[in-house]
Every structure is written in C-alpha cells, then in structure tokens.
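Asks:
Protein chains in written order, with this note's numbering: chain P, 1 to 565; chain S, 1001 to 1159.
Below is the structure:
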C-alpha cells in the first residue's frame, strides 16, 4: 500500500494505504460531496461531485484517483464550485421536485447538497416523460422520476447481495435503472432485503410506508394494538434523536409506544428464546438421525426467499423453526383469541423490525390463519422513528418503561440475535453440555464474534466436534454455498444473515455505514452482558409455555415447512 | 428449454460460455433470429452466470440490438449527411405514414415491414438511398419508395 505526503488545500496530509484521494481528503477533515461513492462498494466515478483541481488546473474525480507522494490538489476553487453547482442544477432539472411531500424529504442527499451549494434556481426545463412508479414489492417502492442514476442500488444489489436484480438500461437521455425487461420488482427474484433503498441517496427507492395503517389502528377504540420489538431496533432507534449508535433505548421506545396508544408492548426476544430452544432441539435431533446437514438458520426471510427462488434443493436443510417474529405472532394470536371473545376487541399485532423483508415475510401464506396474518403489520425502525416525531414526543426526555409480561421476557441469548453470529452463539450456549461460565466465555471467544464475512468455528459437543459457520452479506452466503456444493467445505450448522453485520445493518434501520452498524452490534452484546438470564433454556416463561400450552402444539405454532411446494 | 432456443444455446456454447464474449454472442443470436427475445437473453444470462438485468443493460445500450421481433422485410432509409440534404427525411416520413407507425413502433401491424434509419450506406453519390432486405435503391423519392412497398405487398398477397 502506498505511503507518503499529499498537499490538500495547502495542508500537509500524510496518507498510508487509503484507497483513493477522496479518503485522504476526508481524513484531512474536509467534507467532500459525493452521490455515487459508497466506501463499501466498488468505485463508480459517475456523479463527478468529488472533483479536485491539481496545480496545472486539471480537474479530475478524487474517488478514482490514487494518492501519490508529493501530490498537490485543491478541493475548493471557483472552477470546482461552478462545476459542482452545474452538476446539481442539471440533476435537479431532470428530477421530480415535489420535495415537501417526498418520502425522503429531510433525509435526501440531493436536497442536502443543493442547499449546501446554494442552488436557488434551475434554469433548465424538465423534458423527461413521467415514468410509472413500481408499488409491486411488499417491501420497497421504486420511483424512477427521482432517480439520479448514481448506480448505488445497482452496485449494492450486485456486489453486496450478489443478486443483480437492478441494472442500468438504455442510454443517453433514455438511461434508467430498472430490473431486466422493465419488469415490476414482484416479477423478479428480488428478495426484499431493501439494501437498495438503504443506499439510495434520493427518494427513488424507499421503504413501503405503512405508517397510516398503524395510526388508524392505534386511534380505534375497539382494537387492541399489541407490539413486539426486535432486538436490533433498540440499539438504533436513538440515532434519530441524537443518541450514539448502540445505546439501548428499549425502555424509552416502550414508553413512546404507550404514549402513542399501544395497549401492550412485548419483546421479540421472547420469540427468539423459543427459536433457540426449538432450533437446538431440531439440531440435536438431526445429529442423532444423521442429518440433513448443513442445517441453515431460518430467521432471515430474505435468505429463505433466495433459496426458494434460486436454490430450492437446500430448503430441506433449512431449520423448520419459524422466525422469532412469526413464532411470536402465532402464539400471540392464539393466546388472545379468548381475550378478544371476552372483551369484544380485535387484537392487531404490529412488529417493529430492522428489516424490510419482514414486511414480505408477514404476508407469506404460511403465516396466515383464518384469512388473517399472525403479524398484521411490520413497521421498520425508520417508520417508528417517523411516528414518534409525528406524535411530537421528545424521545430523549422520556422516562423509560419495561415491556409487559408475560411476553416481554427475554434472555441475553435472544438479544444477540440482532447481530451476525448471535443466533449461532445462542444455539451453541444451548447445545453444549457444560454450562459453566468458562464454557460460555470459550464460546464467546471462539471466533463467532469476529469481523470476518465468513467465520468458521469448531465446537466440541459430546464425542463430536461441531463445525459451525457464520455468514453475512448474501454474496458471501452464495460463495459458501458454492464451496459446499463443490465439496470443499463441510459444516453442521450455518447461520445466514442476508444483510452485512446482521439485522443491526438491516435496511429498515437509520442510514449508517459498517462502523455504525458494528457499534449497534456492540450495544446488543452489552445488553447480553447485563442480562440477568443468559441462556434461553433458563427463560422461565418460555419453558413454562413449552411444557404447558405449547405441549403437542409446537409443530402447529412454532414450525413451518418452506419446501412443501 | 424450448426447441426454438437450441440454436441460441449452441451459439453460447461455441463461445465457451465466456462472459467476455457477451456482445459477440448477442450479435450472433440476433443474426440467427433477427432479434433478441426475452427467452434468448434470459438463456444467455443463465449460461454466462451474469444477472439478466446486466445482459438486458448491454442489449439495450447498443442501437444495433433489437429486442423486438422484426418484420419479414427490413427497410433502411439513409439518414447520412448527403442523403439528408437530398431529402431522405420526407421519404422516411412517407413510409412511416404508409406503414401506420407511431411512437417507437418500427414494425407494421401485419408483420411485413420494419422501418429503420441508417447513418450512412456509403453510396452518397446515389443519394437519397434506401435498402430493402439489403438491396440498394438509389435516387429515391417518396412516391418511388411507396411504389416499391406496394409491389412487395402485392407479391406477398399473391403467394
């Protein structure tokens, strides 16, 4: 890696291994504007906002320039400013400008930079035809009229998730981002992971907004609104109110929901504990019966969708456990039937998730009973943030409240479900025979919590050494599948999370890069450290239910077969 | 795979399913089938191990690739400089009207004709020029062009 000294706007700036001049400029404390540069993806060089000028007045993009020793550049000259303003003006000219009513208003990068560079007037008329919006996906909405052709979504879909559903089509003034043959997203292999929406700087791809439905139910007097909150949500929701990523805001979120009209607020951790118990039991049974191996975790709905679409032969390897959200929904709806009959109210169940694919999962036919979904509505972290703001609640000033009992009870093993490696660790805690503190620490430091995109761990259980793999980012899961197929790799248990860093990095979360997502993960480990109960089999309510009302009904309420088709 | 795609499959195999040969493969398939069908593009993506959206991206980038089935006879009117100044525009317009083509439609409803423009045929001395199925017709006028099409229509209905 190159090392040396650069001169940026007259400042001496040392560089050491930065992959481009842009990174060195940002290190020097200068906010270089970009649209198409996403440090986690390949360099594209399309938006031209990050241009710099060298000593001879030559202009080039800093994202595609390698740092050289002795290089002299300026980032802020009259020429560069004019250039950037012109780019913004041209972008705005061919962009829907209904800013005030746009989903992305206030969070839009184009809006932000137009303001920053003082673009007050657009001299050019918009001559483009109006393109049709795509509302077909259960998770996201695509509005081509707001696309600035930065290609972030194209590269996220291809490079991070290995899907390649979106790409550029046509050229010149007809250039557009679209799925092949201009199909609707629902007609493609899209897995609803939503990472394209998370990367989109404008309102061209957004999360399907279902806030209106939630308010309607919260305001209705004959409806009992019951919430569940996923682990990853609590460590990200505070970011929108000025708190650091990773700060656990579960108590404040519960208080906010109660103020907004929630009747009961529970914790998805309860569902996660049931998942650990059921999944471990299934895993031990597979060990006894000789397979099929590897066993894949089943919490991630985008992963399930991918297997269904492209690798159905592996569906038999997926654990038959429902995801924690769906286990929770099934039990809740079952338990509240009697209550509904008693007081004449209808129970409406809302799940707050870090994930857009959960919206798709809740609509799957496997999770409908008597024509009604077990989880009526899925709101993302971003949507609940918007609702808190709409309600005018000063989030940081709230006095926290604990979730309700009985389903508010969860263990440390459950809360780490929200980060990559968490599900595998929770199952490991369950299946090892020796439950001493030493063993728990050995599991913690076995490599399950490392940073790698594919991590392998060997864990002795009985007379056998288990091979466990943890993978995040679908493109990496695809690599792992290829290795398994070729016989190069063998594992007993594989935890798969479609999004990088796991659910804390889900597309429903506030915008953030990998370091922010890791901080959220740390917040979950912190919650585990301070949890009174660490292992799922010690969750008294979960154990009681498995021996009580769930006895003989686990198959009906907690399991699902995706390979029945 | 339907029988209709056997030839396309053979073409892809003849390039060892190499991603770097994508454009060559598309060209050869188009030469064989006259256009690139959805099924053909999907097959190419599958065999080359790239996403369908990427293949679609390349296919729509180049003017030379057609994603619509073409008519039985292909008319190309030259829009090069020499032909343009010698009034090839009115010829194109007249044919368009005659074939009832509107918007982006290039092929007549009866599937008989496809109308395209071409940048230069290299026969500027004979301007304005048009070709029908590769045969050059020199010093055209709107009336003469339409007469040629009438002639073909008559022959077709006689068959």
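All C-beta atoms in this analysis are idealised placements derived from N, C-alpha and C, irrespective of residue type, glycine included.
Tell me the DSSP secondary structure of residue 1065(S) in three-state form.
Replies: Residue state, collapsed to three classes: coil.
Asks: Considering only C-alpha positions, which residue in the set 1030(S), 1020(S), 1114(S) is nearest to residue 952(S)?
Replies: This structure does not reach residue 952(S), given that chain S is present from 1001 up to 1159, and the question cannot be answered.
Asks: Rounded to whole angstroms, what's the CA-CA distance from residue 520(P) to residue 449(P)? Just pull it up for me.
Replies: Roughly 13 Å between the two C-alpha positions.
Asks: Mark residue 517(P) as exposed unless 16 or more other C-beta atoms lie within 10 angstroms of its C-beta, in which case mark it buried.
Replies: Looking at its Cβ environment, which holds 16 or more other Cβ atoms inside 10 Å, residue 517(P) is buried.
Asks: In three-state DSSP terms, what is residue 321(P)?
Replies: The answer is strand: DSSP assigns residue 321(P) an E or B state.
Asks: If residue 325(P) and residue 353(P) are in contact, beta carbons under 8 Å, what's the gap, nearest whole angstrom?
Replies: Going by Cβ atoms, the distance from residue 325(P) to residue 353(P) rounds to 7 Å, so yes, they are a contact pair.
Asks: Residues in the same chain with beta-carbon distance under 6 Å from residue 10(P), minus the five sequence neighbours each way, listed in chain order, please.
Replies: Nothing meets the Cβ criterion.
Asks: Quick check on residue 1053(S) - is its C-beta less than 7 Å from some C-beta in chain P?
Replies: Yes, residue 1053(S) counts as interfacial toward chain P.
Asks: Using C-beta distances below 6 Å, list every residue in its chain close to residue 128(P), excluding the 5 sequence neighbours before and after it, in chain order.
Replies: The residues are 94.
Asks: Tell me which residues of the region 164 to 183 of chain P have at least one Cβ-Cβ distance to chain S shorter than 7 Å, keeping chain order.
Replies: So the close ones are 164, 165, 166, 167, 168, 169, 170, 171, 179, 180, 181.
Asks: When the Cα of residue 458(P) is compared with those of 452(P), 443(P), 402(P), which residue comes out closest?
Replies: Residue 458(P) has its Cα closest to that of 443(P), out of 452(P), 443(P), 402(P).
Asks: Where do the ends of the beta strand (DSSP E) carrying residue 167(P) lie?
Replies: Where residue 167(P) is concerned, the enclosing beta strand (DSSP E) stretches over 166 to 169.
Asks: Where does residue 124(P) land, buried or exposed, given buried means 16+ other C-beta within 10 angstroms?
Replies: Residue 124(P) is exposed by the Cβ-count criterion.
Asks: Check whether the Cβ atoms of residue 270(P) and residue 410(P) lie closer than 7 Å to each other.
Replies: The answer is yes: Cβ separation under 7 Å.
Asks: Considering only the alpha carbon of each residue, which of 1094(S), 1048(S), 1053(S), 1051(S) lies closest to residue 1140(S)?
Replies: Looking at the Cα atoms, 1094(S) is the closest of the given residues.
Asks: Can you find a CB in chain P that lies within less than 7 Å of the CB of residue 1060(S)?
Replies: It does: the Cβ of residue 1060(S) has a partner Cβ on chain P nearer than 7 Å.
Asks: List the residues that DSSP assigns as beta-bridge partners of residue 227(P).
Replies: DSSP, once it has assigned bridges, lists 265(P), 350(P) as partnering residue 227(P).
Asks: Ends of the beta strand (DSSP E) at residue 3(P)?
Replies: Where residue 3(P) is concerned, the enclosing beta strand (DSSP E) stretches over 3 to 8.
Asks: If you follow the alpha helix (DSSP H) that residue 431(P) is in, where does it begin and where does it stop?
Replies: Counting along the chain, the alpha helix (DSSP H) containing residue 431(P) begins and ends at 422 to 431.
Asks: Please list, in chain order, all residues of the same chain as residue 85(P) whose beta carbon is under 7 Å from its beta carbon, the five residues on each side excluded.
Replies: For residue 85(P), where only same-chain residues beyond five positions count, the Cβ hits under 7 Å are 117, 119.
Asks: Taking the alpha-carbon positions, what's the residue 193(P) to residue 558(P) distance?
Replies: Each residue's alpha carbon lies about 23 Å from the other.
Asks: Would you check if the region 54 to 72 of chain P and the region 20 to 30 of chain P touch, i.e. whether three or more CB-CB distances between them fall below 8 Å?
Replies: As far as the Cβ criterion goes, the region 20 to 30 of chain P touches the region 54 to 72 of chain P, which means the pair count is three or higher.
Asks: Which chain S residues sit within Cβ distance under 9 Å of residue 158(P)?
Replies: Near residue 158(P) (Cβ distances below 9 Å), the residues of chain S are 1051, 1053, 1054.
Asks: Under 7 Å, Cβ to Cβ, is there at least one residue of chain P near residue 1057(S)?
Replies: Residue 1057(S) counts as touching chain P.
Asks: Skipping 5 residues on each side, what residues in its chain have a beta carbon closer than 8 Å to that of residue 332(P)?
Replies: Cβ neighbours of residue 332(P) beyond the five flanking positions: 226, 228, 266, 347, 349, 374, 407.
Asks: List the endpoints of the continuous beta strand (DSSP E) containing residue 61(P).
Replies: It spans 59 to 61 - the beta strand (DSSP E) in which residue 61(P) sits, taken as one unbroken run.
Asks: Under 8 Å, with one C-beta from each stretch per pair, do the region 541 to 554 of chain P and the region 430 to 447 of chain P reach the 3-pair mark?
Replies: No, they do not touch.
Asks: Return helix, strand or coil for residue 35(P), following the three-state DSSP convention.
Replies: Coil.
Asks: Is it buried or exposed for residue 173(P), if we count other Cβ within 10 angstroms and need 16 for buried?
Replies: Result: exposed.
Asks: Report the option in 1066(S), 1075(S), 1133(S), 1107(S) whose CA atom is closest to the CA atom of residue 1027(S).
Replies: Considering only alpha carbons, the answer is 1066(S).
Asks: By Cβ distance below 6 Å, which residues in the same chain neighbour residue 152(P) in space, the five residues on each side in sequence not counted?
Replies: The residues are 38, 199.
Asks: At a CB-CB cut-off below 7 Å, which residues of chain P make contact with residue 1038(S)?
Replies: By Cβ distance, chain P contributes 181.
Asks: I'd like to know whether the C-beta atoms of residue 212(P) and residue 103(P) end up nearer to each other than 7 Å.
Replies: In this structure, residue 103(P) does not lie closer than 7 Å to residue 212(P) by Cβ.
Asks: Suppose contacts are defined by Cβ-Cβ distances below 7 Å. Is residue 1163(S) in contact with residue 1082(S) by that definition?
Replies: Nothing can be reported for residue 1163(S): it is not among the residues displayed for chain S, which extend from 1001 to 1159.
Asks: Consult DSSP for residue 504(P) and reduce its assignment to one of helix, strand or coil.
Replies: Helix at residue 504(P).
Asks: Name the DSSP bridge partner or partners of residue 458(P)?
Replies: Residue 458(P) pairs with 467(P).
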